[in-house]
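-18 is the number of the first residue of the sequence shown in the numbering used here; add one for each residue after it.
We treat Cβ as the ideally placed atom computed from N, Cα and C, and that holds for glycine.
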Amino acid sequence: DLKIHQIEQLKSIHDKYYTCFEDTLGRTSLVQHHIDTGNTKPIKLRPYRVSPYRKEMISHEITKMLNAGIIEPCASPYAAPITLQPKKDGSLRFCIDYRELNSVTVRDVYPIPRIDDTLDQLQNAKYFSSMYLRSGFWQIELDPASRDKTAFISHADLFRSRVMPFGLTNAPATFQRLTNLVLGGLMWSCALVYLDDIIVYSSSFEDHLHHLELVLQHI
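This is the structure in structure tokens:
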């Protein structure tokens, strides 16, 4: 357990880098996501049939994403259906079924850290902090040539993503590439990233304060 003065030191770091914890959705200039489908024809699917209640939920989520600049109306030859998937708490998650698009997408083989390698790296550390990069995928722009490929169809309209959506086969690789670029030499020395989670680890509390500052300076 941390002592009171240690907790105060952590709060001080949090306050110093408060902009890292704001709700505002950022946008990186370091990478863009590209979808390579080769010479395959556009994939167009009909919307799934849903109840009036679910139609209302879908319309609500679409409005939120439009207002946030995540998606935009389009006239695309592609169309993927929307699906609502149950969460652990019983609520529903808005998803786009990109399975057909993924089946013709050329794979990005950028490495995602192995869990066993991560555990090996952490075994001698005594202090840990974890950071969840909220809506991290949405902070990566889609390159203009790929946007039409992300088009999805509702019961009333057609939209496409302006940013990297969830559900694309290469999205984890692109996000891992970005976080590795951002953290640079801190990776595997005091920080590890698995998808949208950062773990900061240290052998002493003093080192941990320093490592936290380094990570927050980078992000």
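With contacts defined as CB atoms closer than 7 angstroms, residue 157 and residue 7 fail to qualify as a contacting pair. Between residue 152 and residue 59, the C-beta spacing is not below 7 angstroms. Per the C-alpha coordinates, the member of 139, -13, 44 and 21 positioned closest to residue 87 is 21. Between the alpha carbons of residue 76 and residue 61 lies a distance of about 10 angstroms.
Rounded to whole angstroms, residue 48 and residue 187 show a C-alpha spacing of 43 angstroms.
Between the stretch 99 to 109 and the stretch 178 to 187, the count of C-beta pairs closer than 8 angstroms reaches three or more; the two stretches touch. Counting other Cβ atoms within 10 Å of its Cβ, residue 143 reaches 16 or more and is therefore classed as buried. With respect to the 7 angstroms criterion, residue 17 and residue 113 are not classified as neighbours on the basis of their beta carbons. The DSSP assignment places 61 to 67 and 73 to 77 as complete runs of the beta strand (DSSP E) inside the stretch 59 to 95, in order along the chain (cut-off: 3 residues). Runs of beta strand (DSSP E) with 3 or more residues, each lying fully within the stretch 107 to 159, are found at 108 to 113 and 139 to 142, listed in chain order. Take residue 199, set aside five residues on each side of it, and the residues of its chain with a beta-carbon closer than 6 angstroms to its own are 163 and 164, in chain order. Residue ranges of uninterrupted alpha helix (DSSP H) with 4 or more members, entirely inside the stretch 10 to 57 and ordered along the chain, are 33 to 48.
Judged by beta-carbon spacing, residue 159 lies within the 7 angstroms limit of residue 12, meaning their Cβ atoms are closer than that value. Residue 176 is positioned such that its CB atom lies no closer than 7 angstroms to that of residue -2. Burial state of residue 14 is buried, judged by a 10 Å Cβ sphere holding 16 or more other Cβ atoms. Residue state for residue 178 is assigned as strand, using DSSP reduced to three classes. For residue 170, the secondary structure class from DSSP, reduced to helix, strand or coil, is coil.
Under the three-state reduction of DSSP, residue 185 is assigned to coil, being neither helix nor strand. Annotated three-state conformation of residue 5 is coil, per DSSP.
Residue 46 and residue 54 have their C-alpha atoms roughly 11 angstroms apart. Note that the C-beta distance between residue 63 and residue 135 is below 7 angstroms. Restricting attention to 30, 93 and -10, the CA atom closest to the CA of residue 150 is found in 93.
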